[in-house]
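Everything on this sheet refers to the single structure shown next.
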Amino acid sequence: MRKWNAVLTAAIMALFLLHGIFGAFQLFGVGPTALKAVAWAAVALVAAHTLIGVKLTADSIRVWKKTGAGYFRQNKLFWARRVSGFAVMVLLVFHITAFGYDNGGAYRLRWFTDFKLATQLLLAAALAAHIIMNVRPMLISFGIKGLKKYVGDILFVLSVLLLFMAAAFVVYYLRWNTL
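Here our numbering is used: the first residue of the sequence shown is 22, the next is one more, and so on.
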């Protein structure tokens, strides 16, 4: 099951990056589309990833209870990964509802308020935290050796892309509220 979760994670990352980059260009006002079909495919994969994560978390708790290990005091990184994943799930709901809605075949934009900007920036931060904490386990699950030379480059590229996406949210907010 862990191998399937790693494969799902890699697919989610690819779809997320496509949606994020194209969406950022759209928010900047220079791109035609945010690849909505890709985004909904990613949502389906995220749902499967979440179910697997819940199952694996429950299994880990069961093992810790049997062994008597203090699972709340120990394994802080384990719980940080779970909390960041939960934060991403909650903030994803805000992301899905932030921009617009279908009104009888016509797509209508919603006003992009301070609250929506805050939720989108928090989503970018939660994604950054979740990805940073989970890149190493994903690479290990694929059997990639010599992690140090890959992890730094991967995290740098992902950080730049997430900053690009966060900047797009800010520009979109400014376009709605000042221009």
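We put the CB at the ideal spot given by N, CA and C, even for glycine. Since the model is a prediction, treat every value here as computed from it, not as a measurement.
The alpha-carbon separation between G52 and K166 amounts to approximately 38 Å. Classified as buried, S105 has 16 or more neighbouring CB atoms from the shown chains inside 10 Å of its CB. Counting every other CB atom within 10 Å of its CB across the protein chains shown gives L200 a total below 16, marking it as exposed. Counted as a single uninterrupted DSSP element, the beta strand (DSSP E) harbouring N124 occupies residues G121 to N124. Straight through space, the alpha carbons of M22 and M186 are spaced by roughly 32 Å. The three-state reading of DSSP puts R131 in coil, since its state is none of H, G, I, E or B. Annotation: A69 to W85 spans about 24 Å, alpha carbon to alpha carbon. The region 65-80 and the region 173-184 do not touch, with fewer than three beta-carbon pairs separated by less than 8 Å.
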